[in-house]
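A short worksheet on the structure shown next.
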Amino acid sequence: MQTKYQTSPIPSRSPSSLSNSLRGGSPLPVPVAYRLDCMTAAAKRYKYLRRLVKFRQMDFEFAFWQMLYLFIAPQKVYRNFHYRKQTKSQFARDDPAFLVLLSFWLCASSVGFALVLQLGFWGFVKFLVYVIFVDCIGVGLLIATVFW
Numbered sequence: 000m001q002t003k004y005q006t007s008p009i010p011s012r013s014p015s016s017l018s019n020s021l022r023g024g025s026p027l028p029v030p031v032a033y034r035l036d037c038m039t040a041a042a043k044r045y046k047y048l049r050r051l052v053k054f055r056q057m058d059f060e061f062a063f064w065q066m067l068y069l070f071i072a073p074q075k076v077y078r079n080f081h082y083r084k085q086t087k088s089q090f091a092r093d094d095p096a097f098l099v100l101l102s103f104w105l106c107a108s109s110v111g112f113a114l115v116l117q118l119g120f121w122g123f124v125k126f127l128v129y130v131i132f133v134d135c136i137g138v139g140l141l142i143a144t145v146f147w
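Next up, the structure:
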């Protein structure tokens, strides 16, 4: 005889039922590696580039906090990225505000250098392209490759 508090098991294919079968019936949440809703790299890139033009949705305060603390106390920024890696299984932020602020500061410093060096408009454009593609991206790729 079944009481009103007993329920019959209903088979389902939800991610939680999958996690219970993968984890031996444990009531703990599914590890991120087993999640079924993980996006591909192309989908993440599309989502990131789409957010690049939506300035109202960007968290500039947090991005500025990260920039400031990279100079003052980088261990706090590392700890923040470590927590993100543990909870979301990704190091990268979903918010492109840091990239927008970095671009702004690169342009502002390039304008300052162009004024000090008395460069013309095309000299400034060439200098800005050099700063972005050689100094920032190229050296970043080289350092990341060496330390990989």
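According to numbering that gives the first Met the number 0, the residues represented by the sequence shown are 0 to 147, in order.
Backbone N, C-alpha and C define an ideal beta-carbon position, used for all residues, glycine too.
Note that the structure is a prediction, hence the values are computed from the model and not measured.
Status (buried if at least 16 other CB within 10 Å, exposed otherwise) for residue i
| i | result |
| --- | --- |
| Phe97 | buried |
| Pro95 | buried |
| Ser20 | Residue placement at Ser20 is poorly supported in this model, since its pLDDT is 48, which falls under 50; the coordinates are not used for a value here. |
| Leu62 | The sequence as given places Ala at residue 62; Leu does not occur at that position. Ala62 comes out buried. |
Short Cβ contact (9 angstroms threshold) for residue i with residue j
| i | j | result |
| --- | --- | --- |
| Phe59 | Leu100 | yes |
| Val76 | Gln85 | no |
| Leu105 | Leu127 | yes |
| Lys46 | Met57 | no |
| Arg55 | Asp93 | no |
Cβ distance (whole Å) where residue i is taken to contact residue j below 8 angstroms
| i | j | result |
| --- | --- | --- |
| Ser109 | Val138 | No, Ser109 and Val138 are not in contact; Cβ-Cβ is about 16 angstroms, not under 8 angstroms. |
> Curious, which full-length alpha helix (DSSP H) runs of at least 4 residues does the stretch 70-94 contain?
Replying inline: 73-87
Length at least 3, wholly inside the stretch 94-128: the beta strand (DSSP E) runs in chain order: none
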